[in-house]
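Visitor: Residue numbers (the working numbering), protein chains in the order written: chain A, 1459 to 1790; chain B, 1459 to 1790; chain L, 171 to 504; chain G, 171 to 504. Provided herewith is a single structure, encoded as structure tokens, for subsequent inquiry.
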Amino acid sequence: MPDTEVRELTFAQAVREALAEEMRRDSRVCILGEDVAEAGTPFKVLSGLVEEFGTTRVVDTPISEAGFCGVAVGAAMTGLRPVVDIMFGDFLTLTMDQLVNQAAKIHYMSGGRWKVPMVVRTTLGATRRSAAQHSQSLHAWFSHVPGLKVIMPSTPADAKGLLKSAIRDENPVIFFEDKMMHHKLRGPVPAGDFSIPLGVADVKREGTDITLVGTSSMVQVALGAATLLEQIGISAEVIDPRTLWPLDEAALVNSARKTSRAIVIDEGYGRYGATAELAAVISEGAFYDLDGPVIRMGAMHVPIPFSPPLEDLTVPTENSVFEAARKLCRRA
Amino acid sequence: MPDTEVRELTFAQAVREALAEEMRRDSRVCILGEDVAEAGTPFKVLSGLVEEFGTTRVVDTPISEAGFCGVAVGAAMTGLRPVVDIMFGDFLTLTMDQLVNQAAKIHYMSGGRWKVPMVVRTTLGATRRSAAQHSQSLHAWFSHVPGLKVIMPSTPADAKGLLKSAIRDENPVIFFEDKMMHHKLRGPVPAGDFSIPLGVADVKREGTDITLVGTSSMVQVALGAATLLEQIGISAEVIDPRTLWPLDEAALVNSARKTSRAIVIDEGYGRYGATAELAAVISEGAFYDLDGPVIRMGAMHVPIPFSPPLEDLTVPTENSVFEAARKLCRRA
Amino acid sequence: MTSTPGTDDKELLPAVLDDRWVEMYRQMVRIRAFEEQVNELYTRAVMPGLAHLYIGEEAIAVGVSESLHQDDYITSTHRGHGHCLAKGAAPDRMFAELLGKAAGYCHGKGGSMHIADPSTGNLGANAIVGGSMGIATGAAFSAKQLGNGRVAVCYFGEGALGQGVLYEVMNLASLWSLPVLYVCENNLYNEYTHFTETTAGDICARASAFGVCAESVDGQDVRAVHEAALLMVGRARRGEGPAFLLCNTYRYTGHHVGDISREYYRSKQEEQDWKTHRDPIRRHGEWLMAEGLADQAALMAVEHEARAEMLAAVEFATAAPWPLPEDVERHVYA
Amino acid sequence: MTSTPGTDDKELLPAVLDDRWVEMYRQMVRIRAFEEQVNELYTRAVMPGLAHLYIGEEAIAVGVSESLHQDDYITSTHRGHGHCLAKGAAPDRMFAELLGKAAGYCHGKGGSMHIADPSTGNLGANAIVGGSMGIATGAAFSAKQLGNGRVAVCYFGEGALGQGVLYEVMNLASLWSLPVLYVCENNLYNEYTHFTETTAGDICARASAFGVCAESVDGQDVRAVHEAALLMVGRARRGEGPAFLLCNTYRYTGHHVGDISREYYRSKQEEQDWKTHRDPIRRHGEWLMAEGLADQAALMAVEHEARAEMLAAVEFATAAPWPLPEDVERHVYA
Ligand SMILES: Cc1ncc(C[n+]2csc(CCOP(=O)(O)OP(=O)(O)O)c2C)c(N)n1
Ligand SMILES: Cc1ncc(C[n+]2csc(CCOP(=O)(O)OP(=O)(O)O)c2C)c(N)n1
Ligand SMILES: [Mg+2]
Ligand SMILES: [Mg+2]
């Protein structure tokens, strides 16, 4: 049963495996981006793919994010299934017209007559000492836009299963990878064809006293905090929505109703970000069961500083989540 | 006392007056944009300015939103105070690198050594039969980004007072004008120098039973709903935050604590939008005083359709707000 | 187009007219007749929103489209009715779209600036200036990868030369020898600003600097446009790479239907000069007669038929039902 | 620069070295010595993050900067240390910035890719490829509006030719005759990809198509760079408009300090050839000696002084304190 074999892979290996399998399965899948071929991207996520699939399917582009995203939109409409690589999520700023005014709207504007089945793989996350223009987590912007889907995997297995679903989806999908996870996070990943539907949250840890909703990089932080909380007798449930759109509202709401307390944690800027939506959804759905307001934890409202001691202050940590949870539980 | 004279002006006239006064006061203020000079913009908001200030200060540009926004960033750093005109807010997608990676971060990244005092005037709002690429209200994106300020005037007087503050501010400020208001909305505007500080909400109508928080175009909708509610004996307070960042959290929270019910209404897409942040702020601050969850009302999660009967379904109306408020009050 | 277009009355034309040059005359006349009806609808306040008329520029869409196959791709602009019609769109479904009706090409969701139609290779008109350059280049990328021999045409106004993405995708198309034709319609104005105030240097040089084969033609001469397009489309189809066709033209009416008082940005005299001396339809008609390919009566017949076709199409669209309320949430996701 | 740079040891140089060509030698040597210390810091794992070294490309920043005044503007790139130093930045504050210390030019908030310094007209290095093209053009716009006679220089790598905004702002600069100089450093690689795989057509033609005066020079020859820059800066200052200077060069080391195994994208032989035959410092030194402007001993002294200067600067930076926690929320808004 090679299909149910489970191996330990890094996050990057899981991403690469999903791509390789989909490219073998479907000759329409191709990759476009800067230094994706021989270099396998600066993050070395795609190493080996060009050797198997050649430079017509793993295509190095000029540094023209708007241009090659636009090409992917047109290619997706006309028979290919491009997977675009946007190295740092910060560079998405250059692609907003292509993704938001074009890709997201073409199916609707054409009354359903054209489709844009493409994936944008990109990165998020700070604490890499990369400073303000290489550290942003801009997924909230895309979640705001009807017509796009937004995926935020937090484990190697989720990365593989969700990326395969993204590639098979008929819509433009933005797939955010935490760049700190690529080689640091390992986990069990089923071999062979294995996909995870979009819009289904995952309970990463069960608990009864408080719900910690974490996305992407913040799932590990939430799990770490849950371990600390356990030591003081607080049982935390950790929920990972996995996709911000579609959003599994019921999973969030049901957990919060059960525990009566919730904290949402996300690495994007804290204001007008993903935490606001997640908190609002929980507040709406679990209002009468909540013991206190939903607490939001996101990146500090500052451009990410380069200096390590400053940068480390900007994102939620196990300890800061632990403290917030402790306070919320005590108050109740 | 010519300075305290109050006239009836349209929204567009108020904007123009603010610009003209600031340009007279400060020779560093200049305008850059497409068809801003002789044409006075397609919305005819700037008519007359080029005649007074000439084409070196009211500068027609090519259709290069990224380019001339970038020029404005550099010009702001080096002694000018540019006011950039982005005709439709949808075209902001082309300027995101300039505004988000550059303008918003330069002061911080330089450790406070450079400043970027510039204003981007742009538009929001649907129901103009302009279809999906000319109808978006993208202010939530900018409110999410530290380093930017975001202004959403809802009356001619606010437009004048807030625009003057924006031009005098030392930071990049995005100023959203509802394109449907330009010539349709009239109101009293003080003559002469009159500015409104950023970060101060305005109570547009006092009330005791429910708080309606409206932004920009939705303030009039909220006021209309309040009138309808009055007829069934519900006293609605209408609060306009006026600036989404800085945000006058206390004003929102205090009103909600007083009335114990709140609805937030904004013309941006409803998911991951401004309503999520405003609702979360109220939920956090007024949690123990609320009778029910904060209700959010934004644009439907669809690209704005062209067809009039469909388009009219996508944005909150007096009636839909009235219905939601009635339900919320009955339930309590 | 060399393949048969989608409307029925074409088959009814007398045999003498069944000639490519005459067909181009007919297509230009149809576009003008369509646009005249659009203006009429606007004037009668029947049309929601605005529309940007192609009157005066007909020779470009027609001259280019007649060099394409039905399954070749086009992308179009805010001023896109002519491109869509020339590529084979049916006027009745176009008018329905302009009126926001369910029978429209996009179920009424797109409107004037977003006509799209897979059956004629129309990837969509676009309301973002320069917004479809990536899309057209991507369609050419697919054509090359899939080896299906198709060509993509990207129409845009000279104002779109201001959008940096054009240079990004021309570079890609040149590097990868993509079968794409960039057709720049220089009608002298970006909205209300003369292009010389917004466009430095030399337009064709901007394309050739990227290794894209570039040429400039009289956009009021359908034969010149067609001959240049034939050549460029042929090159592209043979895998010889992208080309850039600069067509010098003029829009007779306002930037959009509501742009009535234009004297602050251009003179009535200038408008009159173009209409009198460089009208593409009249010029082509005169040539057809001089060459003995058609006589006055035949040309008149073409005009009458076109007008009748458009009136019928308007009637269809006017009578067509609106989309249903529940349609508003359909087509967000495929 | 023609005005005095900010470091003290310059005044201590013997009189015979007080000549522009020798000064350029000194500046190139200082940049190289700086970068060698950066690499050392990285190797010792003292430096947070990464850095992109300018070794091999020194002649460009120096040749250009020596044609500028102190209050002229520059914008720089991820590979920006050389640009900043040549414009007058002090190495101690630069190292402090690279280490994230409060004494750094940006209070430690910017790091290697964001050195900025109003006192030397440095508008900032930029980590977005092409990210500063608008800014430099805007500074030139101010200079023109304010009539202060300044010039702005925009440095970028040939990879940035892929960013459409370059063409947008060259068009603006050309239309408005702005005093801006676009300096393209073609070091043959966009990260790990050879520029011929990403760059179609002719680079200089891309600028001249927009009416921007363009020229290509040997970027390993500081005199050639300087003479071209002098001319272009002079034109710009006189209001004659923008220019584009293509400098052909090579980076000796990795794309960044961690890029050690490079043989999959370029050969050791290629690297060796450039180092042996086209080193800008050695070539200029030989020329100085041949012209009798300096002897071996003087050049050695320059090297020793530069190394000492950089070691002292590193020491300063290493000992400097971190920013305070409360600094994290300062400077978000002015
Ligand atoms: C990115 C963008 N900027 C601005 C506009 C507003 N706009 C619509 S048409 C137009 C002028 C276009 O001029 P041109 O490309 O020459 O086309 P023409 O209208 O002359 O056919 C402008 C500025 C837009 N739609 N998209
Ligand atoms: C918009 C953008 N895309 C991609 C990158 C990632 N990146 C950093 S440096 C670089 C290569 C730049 O090449 P070039 O401009 O030639 O400069 P060089 O490094 O050779 O000096 C790339 C792709 C970036 N920083 N910004
Ligand atoms: Mg035009
Ligand atoms: Mg390079």
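Beta carbons: idealized from backbone N, C-alpha and C, even for Gly. In this text the structure is predicted, and so the values were computed from the model without any measurement.
Confirm the yes/no value for this check: CB of Arg421(G), any heavy atom of ligand 2, distance under 7 Å.
Guide: Taking non-hydrogen atoms of ligand 2 into account, the C-beta of Arg421(G) is found less than 7 Å away from one of them.
Visitor: Quick one: does the C-beta of Asn1777(A) sit closer than 7 Å to a heavy atom of ligand 6?
Guide: Among the ligands present in this structure, namely ligand 1, ligand 2, ligand 3 and ligand 4, ligand 6 is not found.
Visitor: Under 8 Å between the Cβ atoms of Lys1662(B) and Asp1706(B)?
Guide: Result no, Cβ atoms of Lys1662(B) and Asp1706(B) do not sit closer than 8 Å.
Visitor: Residues of chain B with CB under 7 Å from Asp1555(A), in chain order?
Guide: Thr1551 and Leu1552
Visitor: Between Ile1762(B), Leu1710(B), Val1739(B) and Pro1704(B), which lies nearest to Asp1627(B) when the distance is taken from Cα to Cα?
Guide: Pro1704(B)
Visitor: Can you name the start and end residues of the beta strand (DSSP E) that Phe414(L) belongs to?
Guide: From DSSP, the beta strand (DSSP E) with Phe414(L) extends over Ala413 to Asn418.
Visitor: Name the residues in the region 297-330 of chain L whose C-beta lies less than 8 Å from a C-beta of chain B; which are they?
Guide: Answer set for the region 297-330 of chain L: Ala297, Ile298, Val299, Gly300, Gly301, Gly329 and Ala330.
Visitor: Quick check on DSSP: helix, strand or coil for Arg1644(A)?
Guide: Residue state for Arg1644(A) is assigned as strand, using DSSP reduced to three classes.
Visitor: Counting only C-beta atoms, is Val502(L) closer than 8 Å to chain B at any point?
Guide: Chain B contact via Cβ: present.
Visitor: Identify the contact partners of Met1758(B) in chain L, using a Cβ-Cβ distance below 8 Å as the criterion.
Guide: Val498 and Glu499
Visitor: Which residue from Gly1672(B), Thr1580(B) and Gln1556(B) puts its Cα closest to that of Gly127(G)?
Guide: Given that chain G is displayed from residue 171 to residue 504, the structure contains no residue 127(G) and the question cannot be resolved.
Visitor: With 16 as the cutoff for other CB atoms within 10 Å, does Gln439(L) come out buried or exposed?
Guide: exposed
Visitor: So Tyr337(L) and Gly334(G) are supposed to be a Cβ contact under 8 Å. How far apart are they, rounded?
Guide: 5 Å
Visitor: Residues in the region 1565-1591 of chain B with C-beta within 9 Å of chain G's C-beta atoms, listed in sequence order?
Guide: His1565, Tyr1566, Met1567, Ser1568, Gly1569, Gly1570, Arg1571, Trp1572, Lys1573, Val1574 and Pro1575
Visitor: Listing by chain order, which chain G residues have their CB less than 8 Å from the CB of Thr1519(B)?
Guide: Leu342
Visitor: Compare the C-beta of Tyr362(L) against all C-beta atoms of chain G and say whether one is closer than 8 Å.
Guide: no
Visitor: For my contact list, Leu458(G) and Ala467(G) are in at a C-beta cut-off of 8 Å; report their separation, rounded to the angstrom.
Guide: Taking a contact as a CB-CB distance under 8 Å, the pair Leu458(G) and Ala467(G) does not count as one, their CB atoms being some 12 Å apart.
Visitor: By the 8 Å beta-carbon criterion, what residues does the region 206-228 of chain G contribute toward chain B?
Guide: Identification of residues in the region 206-228 of chain G having a C-beta nearer than 8 Å to some C-beta of chain B yields an empty set.
Visitor: In angstroms with no decimal places, state the Cα-to-Cα distance between Leu415(G) and Asp1651(B).
Guide: Note on geometry: alpha-carbon atoms of Leu415(G) and Asp1651(B) lie some 48 Å from one another.
Visitor: What number of angstroms, rounded off, separates the C-alpha of Gly389(G) from the C-alpha of Met264(G)?
Guide: 25 Å
Visitor: Kindly say whether His284(L), judged by its beta-carbon, lies nearer than 8 Å to any beta-carbon of chain E.
Guide: This model lacks chain E altogether; the protein chains it does include are A, B, L and G.
Visitor: Can you tell me which of the three DSSP states Gly280(G) falls into?
Guide: coil
Visitor: So does the region 475-491 of chain L actually touch the region 240-258 of chain L, counting three or more Cβ pairs closer than 8 Å?
Guide: no
Visitor: With Ser1795(B) as the anchor, note down where its alpha helix (DSSP H) starts and where it stops.
Guide: Here chain B comprises residues numbered 1459 to 1790, so residue 1795(B) is not present and cannot be evaluated.
Visitor: From Phe1780(A), Gly1750(A), Thr1519(A) and Pro1761(A), pick the residue whose C-alpha is nearest to that of Tyr503(G); which is it?
Guide: Pro1761(A)
Visitor: Which residues have a Cβ closer than 6 Å to any heavy atom of ligand 3, listed in chain order?
Guide: Ordered along the chain, the selected set is Gly327(L), Glu328(L), Gly329(L), Asn357(L), Tyr359(L) and Asn360(L).
Visitor: Using C-beta distances below 8 Å, list every residue in its chain close to Gly219(G), excluding the 5 sequence neighbours before and after it, in chain order.
Guide: Gly281 and Ser282
Visitor: Would you call the region 1772-1784 of chain A in contact with the region 1611-1623 of chain B, where contact means no fewer than 3 C-beta pairs closer than 8 Å?
Guide: no
Visitor: Quick one: which chain G residues come within Cβ less than 8 Å of Ala1497(B)?
Guide: By Cβ distance, chain G contributes nothing, its closest Cβ being about 17 Å from Ala1497(B), past 8 Å.
Visitor: Taking all protein chains shown into account, decide if Thr247(L) is buried (16 or more other Cβ within 10 angstroms of its Cβ) or exposed.
Guide: Burial state of Thr247(L) is buried, judged by a 10 Å Cβ sphere holding 16 or more other Cβ atoms.
Visitor: Checking 8 Å against the spacing of the C-beta atoms, do Val232(G) and Val350(G) come in under that value?
Guide: no
Visitor: For Val1529(A), decide whether its Cβ has a neighbour in chain L, counting only Cβ atoms nearer than 8 Å.
Guide: At a cut-off of 8 Å, the C-beta of Val1529(A) has a neighbouring C-beta in chain L.
Visitor: Please return the same chain residues whose Cβ sits closer than 6 Å to the Cβ of Leu1643(B), not counting the five positions on each side in sequence.
Guide: Phe1469
Visitor: With 16 as the cutoff for other CB atoms within 10 Å, does Ser237(L) come out buried or exposed?
Guide: buried
Visitor: Using a Cβ-based criterion (distance less than 7 Å to any ligand heavy atom), does Ile298(L) qualify as near ligand 1?
Guide: Ile298(L): yes, Cβ under 7 Å from ligand 1.
Visitor: List the residues of chain L whose Cβ lies closer than 8 Å to the Cβ of Glu1509(B), in chain order.
Guide: In chain order: nothing, as chain L lies at least about 11 Å away.
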